[in-house]
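In this note's numbering, the protein residues as written are 0 to 254.
Let me begin by presenting the structure, written as structure tokens, before commenting on it.
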DNA sequence: ATGGTGGTCCAACCA
């Protein structure tokens, strides 16, 4: 089972690229973030023609998540129980007996800002949600745009970046607490090239300088981590004309 | 610290 995540920064713009990538990479599951369109604008037909089922939880202009899969998804959840949030950032579903939790974690703007406090509260709610999910599902994969670089290897210039947003101690502690529930970063189960990133700022020629961060993560429960056979970043779509600022991250499982 | 680029949508916000 090949599972991938991609923050597409508007599916209105990037649908042709997503279809192109589905055709060449042929994942069983692809989760998308920042589709930036209402659920009713989501083009299920385009994915049907490509041989995929699809499902979205969208909103206008901002956020929005979707899941595209070879076999249909069920048991769909679009938020954390008891955590009221108009922002569409969560899409959990079960596909081929695997629980797939697609996340678009808040960016947080700046350490100490109102958006930063929202991010930390959101991560606390995520922790509670995943605690319950892990009790219910042995085979669990939590993936998406985490907007957190787990450690210094995941940052192009950790000294320059310092404790700024996406790297602050409180964000990393929140991620660690979530992983301590029994979820591991499958990318680090394998040898990886140094300076492998999943996001590069559009500004200041980030991609050309490889000035990036690895903030798109695939976390797996113990049984899924044990069956993971590969995980890698596919940089190619970031080289395309008018790209997203993120590129797909992939994990393969032998179930 | 600022500004650089890009998406949404036309002023300003978000990343």
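All residues carry an ideal CB built from backbone N, CA and C; glycine is no exception.
6 Å CB neighbourhood of residue 122 in its chain, flanking five on each side removed = 173
Quick one: any contact between the stretch 141-159 and the stretch 221-233, if contact means 3 or more CB pairs under 8 Å?
-> no
Top-ranked residue by Cα proximity to residue 238, from 214, 225 and 209 = 209
Do residue 1 and residue 42 come within 7 Å of each other at the CB atom, strictly closer than that value?
-> no
Given 8 Å, three or more beta-carbon pairs between the stretch 78-89 and the stretch 53-67 = yes
Beta-carbon gap between residue 218 and residue 182 smaller than 7 Å | yes
On the three-state DSSP scale, how would you describe residue 32?
-> strand
Extent of the continuous beta strand (DSSP E) to which residue 165 belongs | Where residue 165 is concerned, there is no enclosing beta strand (DSSP E), because DSSP gives it neither an H nor an E.
Can you tell me whether residue 70 is buried or exposed, with buried defined as 16 or more other CB within 10 angstroms of its CB?
-> Counting of Cβ neighbours within 10 angstroms places residue 70 among the exposed residues, the total staying below 16.
Beta bridge counterpart(s) of residue 4 as assigned by DSSP | 30 and 248
Does the pairing of the stretch 94-110 with the stretch 127-144 give three or more beta-carbon distances under 8 Å?
-> yes
Bounding residues of the beta strand (DSSP E) (the contiguous stretch that carries residue 101) = 97-103
May I have the straight-line CA-CA distance separating residue 36 from residue 246, to the nearest angstrom?
-> Rounded to the nearest whole angstrom, the CA to CA distance from residue 36 to residue 246 is 20 Å.
If you check the beta carbons only, do residue 185 and residue 250 fall under 7 Å apart?
-> yes
Completely contained beta strand (DSSP E) runs for the stretch 13-100, where each covers 3 or more residues = 28-32, 52-56, 64-68, 73-76 and 89-94
Would residue 226 pass as a contact of residue 254 if the rule is Cβ separation under 7 Å?
-> For residue 226 and residue 254, yes; Cβs fall inside 7 Å.
Give the DSSP bridge partners of residue 184, in chain order.
-> 218
Mark residue 168 as exposed unless 16 or more other C-beta atoms lie within 10 angstroms of its C-beta, in which case mark it buried.
-> exposed
If you follow the beta strand (DSSP E) that residue 139 is part of, which residue opens it and which one closes it?
-> Run containing residue 139: 139-144, per the beta strand (DSSP E) assignment.
Which value, in whole angstroms, describes the spacing of the CA atoms of residue 80 and residue 142?
-> 19 Å
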